[in-house]
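> Everything in the sequence shown is counted per numbering that gives the first Met the number 0, starting at 0 for the first residue and increasing by one.
Every residue, glycine too, gets a C-beta built ideally from N, C-alpha and C.
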Amino acid sequence: MTPSWDTERPIVRAGDNIFAVLGFPAEEAEQLFADAQRRIQQEITLRSMLGDAIASWLAECGLTQAEVALRLGVDGNAIAKLARKDLYDFSVSDLFGLVVRTGQPVSVSLG
Numbered sequence: 000m001t002p003s004w005d006t007e008r009p010i011v012r013a014g015d016n017i018f019a020v021l022g023f024p025a026e027e028a029e030q031l032f033a034d035a036q037r038r039i040q041q042e043i044t045l046r047s048m049l050g051d052a053i054a055s056w057l058a059e060c061g062l063t064q065a066e067v068a069l070r071l072g073v074d075g076n077a078i079a080k081l082a083r084k085d086l087y088d089f090s091v092s093d094l095f096g097l098v099v100r101t102g103q104p105v106s107v108s109l110g
């Protein structure tokens with residue numbers, strides 16, 4: 000038997016404003032959605048920048064994947080993903096730590 004709440008949940012498609020679906024007033028829902036989209040884009044950009052730095056270092060370091068894995072403290076699968084810039088499984092914190100472990104200079108600028 001299907002629980003009754005299954006039939007009462009709204010279907011939310013990619014790109015829908017979840018805040019509007021949840022019943023927030025229209026103006027507030029639009030603002031919350033815009034803020035969420037901005038934050039998501041900022042994180043994607045930051046992850047991409049960090050991933051690019053790691054991938055460039057991997058291409059230039061002259062080490063085998065096994066040597067890189069040992070040096071960075073991750074397994075070989077992680078190195079293969081980093082080389083392909085497949086960053087889905089890595090947080091910004093993970094990527095930042097890996098960049099630091101490569102020995103590349105790191106600077107942070109806000110605003």
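If you check the beta carbons only, do Ala113 and Gln103 fall under 8 Å apart?
Missing from the structure shown is residue 113; the chain here goes from 0 to 110 and no further.
> Pull up the CB-CB distance for Leu81 and Ala54, whole angstroms please, since I reckon it's below 8 Å.
Position 82 of the sequence shown, counting from 1, holds the residue named residue 81. Position 55 of the sequence shown, counting from 1, holds the residue named residue 54. That belief holds up - the Cβ atoms of Leu81 and Ala54 are roughly 6 Å apart, short of 8 Å.
> Quick test of the definition: if touching needs 3 or more C-beta pairs under 8 Å, does the stretch 36-52 touch the stretch 83-100?
Counting Cβ pairs under 8 Å, three or more are found: they touch.
> If you check the beta carbons only, do Gly50 and Ala65 fall under 8 Å apart?
As a working note, residue 50 is residue 51 in the sequence shown. As a working note, residue 65 is residue 66 in the sequence shown. No, these two residues do not count as a Cβ contact at 8 Å.
> Can you tell me whether Ile39 is buried or exposed, with buried defined as 16 or more other CB within 10 angstroms of its CB?
Position 40 of the sequence shown, counted from the first residue, corresponds to residue 39. Its Cβ having fewer than 16 others within 10 Å, Ile39 is exposed.
> Use the C-beta contact count for Ala35: other C-beta atoms within 10 angstroms, 16 or more gives buried, fewer gives exposed.
Against the sequence shown, residue 35 aligns to sequence position 36. So Ala35 ends up on the exposed side.
> Within the continuous alpha helix (DSSP H) that includes Gly122, where are the two ends?
No statement about residue 122 is possible, as the shown extent of the chain runs from 0 to 110 and does not include it.
> So Ala33 and Ala25 are supposed to be a Cβ contact under 8 Å. How far apart are they, rounded?
Walking along the sequence shown from the start, residue 33 turns up at place 34. Walking along the sequence shown from the start, residue 25 turns up at place 26. Not confirmed; about 13 Å, so no contact.
> Alpha carbon to alpha carbon, what distance is there between Glu27 and Gly61?
In the sequence shown, residue 61 corresponds to position 62, counting from 1. In the sequence shown, residue 27 corresponds to position 28, counting from 1. Rounded to the nearest angstrom, the two C-alpha atoms are 52 Å apart.
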